[in-house]
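Below you'll find the structure, written out as structure tokens, and then a few comments.
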Amino acid sequence: MTDLNVQFVCPDCDHSFSLSTQEILESDTLSCPSCGCPLSEDELKHLKIAINYSQEKNTH
Ligand SMILES: [Zn+2]
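Sequential numbering from 44 applies to the sequence shown in this note's numbering.
Here is the structure:
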């Protein structure tokens with residue numbers, strides 16, 4: 044399984060950070076490590092769908 048990093052920029056404090064796709068899939072919520080500003084549930088949901096889709100494509 045490919046383990047890629049996804050880059051985020053916090054909308055609140057402009058801190059940039061990256062998380063592995065594995066971490067994202069295992070998380071129910073994501074938040075900025077600097078200020079704790081959470082990523083919206085919708086955004087996280089779409090992100091997981093996109094990751095699952097690309098990983099499925101890679102294994103076929
Ligand atoms: Zn932040």
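For glycine and all other residues, C-beta sits at the position ideal for the given N, C-alpha and C.
Residue i vs residue j beta-carbon contact at 7 Å
i     : j     : result
Asn48 : Ser63 : yes
Ser59 : Val52 : yes
Cys78 : Asp57 : no
Gln65 : Asp46 : yes
Heavy atom of ligand 1 within 6 Å of residue i beta-carbon
i     : result
Ser77 : yes
His58 : yes
Asp55 : yes
Whole-angstrom C-beta distance between residue j and residue i, which should lie under 8 Å
i     : j     : result
Lys91 : Leu68 : 6 Å
Assigned secondary structure, residue i (DSSP; H/G/I helix, E/B strand, else coil)
i     : result
Ser97 : helix
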